[in-house]
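Okay, structure first, notes after.
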Amino acid sequence: MVDVAIVGTGHSKFGNRTDVNLQELAWEAVKQALEESNLDQKDIDMFVVGNAGGWSSESLSAIVIGEYCNLAPKGTMRVEAACATGSAALRIAYQAIKAGDAKIAMVIGAEQMHQSPNLVAVEMMGRAGNYFWEFENFGLTFPGYYALYATRRMAKFGMKEEDLGEIAIKNHYYGSFNPYAMFQKQIKMDEYMKSRVVAYPLKVYDACPITDGAAAVILASEEVAKKITDSPVWVASQGFKSGTANLSKRDDFISIDAARLATEEAYKKAKIDFENSWRYFDVAEVHDCFTIAEIMAYEDLGFAKRGEGHLLAREEQTYIGGKIPVNVDGGLKAKGHPIGATGVSMAVSIARQLLYRAHKGTQVEVKNGMGITHNVGGTGHYAYVTIFSLKKPSA
Amino acid sequence: MGVTEIKERQFNEIDKKALEQIDLLIKNSGMPIMRDLKTNNLLWVDVRELTQRFMIPIGRIYKFFDQLSKGKIIGTKCPKCGSIYFPPQDDCTKCKVSGLDVIELSGEGELLTYTIITVKPVSFMHYQDYIVGIARLKEGINILAWVNEKPEDVKVGMKVKVNITKREPEGYFTYELRKIQ
């Protein structure tokens, strides 16, 4: 099978981007990725658009973006996997190249959530569980779903609200160094503790913001990648799994099963030992739509034992210089979470980290040449775990 | 008060304000264009509104709603493999059998987890803050519902019972979790 590498990356400023429409926003990332790889639209064999949709006015977003970015008539589709949409889009391009169906493919993640009023956005996200049995009668919100995990963990493992606060503080700290991040202000524990409760025990500072943003990566086959760049970042492996729509159909509320299974699949392909997984990576991007999600990610990726994820946060082991640096671009929490763009943004962050191109104050030391992204859609409905490496996977 | 009145009360103010704003914008400049209050960016205010109310087929599990209106909560059970389904479904997708048996649930169990929703979705704005919990029933299945107790009385692990109730102000039958004293 063909090896696949990232040969170009692009990233827009994330935030309240009412200065541009969806296609103009996508172009910011697309243009950067084309310039970085020295490629032209005519070189792209196909493009995949990750856009969860519903927030913005254009419903056939792949076409609107393709037209604006001058990518038509290349083949395309819009891909949806809730908050893991960007990683799903990456998977389509990755597989097309692996199968020999394309040599160069572009992945564009774009979302403009601010086209809808905030109240509507809260409603739409709440409806993203199992609509009939969970929303229609019981009105769960998205923070509410994750709050159910947090309450259980506090009762079972003695996790404290302050442990969640540690995640928020770390991610805001690194967000302050990332010019693309939505929030660039550091926060302190007392501000965290005083922030308004949105769904007990989760507070405003436990939640990622409603965000507009775009990111793009260009993938190429080994043969082409070597001609384009002398610093390809290889896609080493990817695992993807799904969970139940009904949250009540999950067994326990301490782990995202789909994420754990996707991790096992990705590790198996890349020959990584779960128990010692953190030793393989220089940096990780995990899905911290809420602080509790990052705690669970530590365990689902094998960085901490079950029930001990919050201790990793308490000991500040996920800062640069700690056991494993996590979300040092600010994460979804501070960088923002434009649903369809997030997975692509994670890939951009890891690729730039491995190439020593991260923003000042956020660059990790690259010893192993490997990084990982953990991207969860919904409340564990979808999970994509992708491993990136400076070493060619088949070598 | 019926659903129509609730909806009117709930949305009237938002809708009316939005429509008035569009009228004003068009009157002033001949265009539905405004400036974003925070960023001063120019925004086109959509003049086409989309409201949607879904029609959800429930014929295959109508017995659930029929029993609910009589004060009983049921699940379904596969006569072949014995799997119990809640929410109820008429197909056992494990052994590919349809037309499952109805079983009345004990309704008794233990609270696994809960949250208190303080920032509510727009269509739930007319309710007080509510507690959503998940309980594991004796039958080994989980049920998600509002926990109708004071927040300070709710604890993970407490014994709870499913209670059939009318959701007011709409007035339709639904179920909730109550603490077993």
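If you're matching them up, the sequences are chains A and B in order. Numbering-wise, the first sequence is residues 844 to 1238 according to this note's numbering. Numbering-wise, the second sequence is residues 313 to 493 according to this note's numbering. All C-beta atoms, glycine included, are put in the ideal place defined by N, C-alpha and C.
Note to self: Considering only the alpha carbon of each residue, which of B/ARG479, B/LYS491, B/GLU461 lies closest to B/LYS471?
What the structure shows: B/LYS491
- Sequence ranges, beta strand (DSSP E) only - wholly within the segment 1047 to 1110 of chain A, length at least 3: 1055 to 1064, 1076 to 1085
Handout entry: As assigned by DSSP and simplified to three states, the class of A/SER1232
Key = Here DSSP, grouped into helix, strand and coil, assigns A/SER1232 to strand.
Inset, instruction - Starting from the beta carbon of B/THR363, find every residue of chain A whose beta carbon is closer than 9 Å, and list them in chain order. - result: Neighbours of B/THR363 on chain A: none; closest Cβ ~11 Å, over 9 Å.
If you run the structure through DSSP and keep just helix, strand and coil, what is B/VAL434? helix
Notebook entry, point to check: When you compare only the Cα positions, how much space is there between A/GLU1118 and A/LEU1144?
Noted result: Looking at the two C-alpha atoms, the distance is approximately 9 Å.
**Asked** Exposed or buried, what is A/TYR1048 when buried is set at 16 or more other beta-carbons lying within 10 Å of its beta-carbon?
**Response** buried
- prompt: Residues in its own chain within less than 6 Å of A/TYR1016 by CB, not counting five upstream and five downstream?
  reply: GLN1029
Quick check: is the beta carbon of A/LEU1090 nearer than 8 Å to any beta carbon in chain B?
Yes, contact with chain B.
Practice problem: Would you verify that the beta carbon of B/TYR442 is, or is not, closer than 8 Å to some beta carbon of chain A? | Solution: yes
Cutoff 8 Å: B/ASN460 Cβ touching any chain A Cβ: no
Interface flag, B/LEU449 vs chain A, CB-CB below 8 Å: no
| task | Check whether the Cβ of B/THR288 lies closer than 8 Å to any Cβ atom in chain A. | result | Any answer about residue 288 of chain B is impossible in this case: the structure gives chain B only from 313 up to 493.
Identity of the residue in A/LYS1013, A/GLU977, A/ALA1011 nearest B/THR486 by Cα: A/GLU977
Check your understanding: To which residues of the same chain is A/PRO1168 closer than 6 Å at the C-beta, ignoring the five residues directly before and after it?
Key -> VAL1126, VAL1207
By how many angstroms is the C-alpha of B/MET343 removed from the C-alpha of A/GLU979? 38 Å
Applying the 10 Å Cβ sphere with the 16-neighbour rule, what's the burial state of A/GLY855? Correcting the residue type first, residue 855 of chain A is Ser in the shown sequence and not Gly. A/SER855 comes out buried.
- Three CB pairs or more closer than 8 Å across the segment 1176 to 1194 of chain A and the segment 935 to 955 of chain A: yes
| query | Quick one: which chain D residues come within Cβ less than 8 Å of A/THR984? | reply | Among the protein chains in the structure shown, which are A and B, there is no chain D.
Original post:
Looking at the C-beta of A/GLU966, does it have a partner C-beta in chain B at a distance below 8 Å?
Top reply: yes
For the segment 889 to 909 of chain A, which residues have a beta carbon sitting closer than 9 Å to at least one beta carbon of chain B?
SER900
**Prompt:** Counting along the chain, where does the alpha helix (DSSP H) carrying A/GLU1034 start and finish?
**Reply:** Element bounds for A/GLU1034: 1032 to 1037.
Taking the alpha helix (DSSP H) that A/ALA936 belongs to, which residues open and close that run? 928 to 941
*Beta-bridge partners of A/MET949, as assigned by DSSP*: A/PHE890, A/ILE1061
Rounded C-alpha distance that separates A/THR1087 from A/MET1139:
17 Å
message: For a quick check, are the C-beta atoms of A/LEU1062 and A/PRO986 less than 8 Å apart?
response: no
Mapping DSSP to helix, strand and coil, what is A/ALA1201?
It is coil, neither helix nor strand.
(Q) Run through the DSSP bridge pairs and tell me what A/SER1192 is partnered with. (A) In the DSSP output, where bridge partners are listed per residue, A/SER1192 has none listed.
Using 8 Å as the limit for Cβ to Cβ distance, is A/THR1087 near chain B? no
- Task: Out of A/ALA895, A/LYS941, A/GLY982, state which residue places its alpha-carbon closest to the alpha-carbon of A/MET844.
- Result: A/LYS941
Would you say A/ALA925 touches the ligand GTP, meaning its beta carbon is less than 7 Å from a heavy atom? This structure does not include the ligand GTP; it has no bound ligands of any sort.
By how many angstroms is the C-alpha of B/ILE396 removed from the C-alpha of A/LYS885? Using only the alpha carbons, I get a separation of about 56 Å.
Distance, Cα to Cα, B/HIS438 vs B/GLU451?
34 Å
Quick one: is B/LEU331 near chain A, going by C-beta distance under 8 Å?
no
Let me see if you follow: with CB-CB separation under 8 Å, is A/ALA1042 close to chain B or not?
yes
Checklist line | 8 Å contact criterion, which A/GLY972 and A/THR1229 should meet: CB distance rounded | finding: About 25 Å separates the CB atoms of A/GLY972 and A/THR1229; that is not less than 8 Å, and the two are not in contact.
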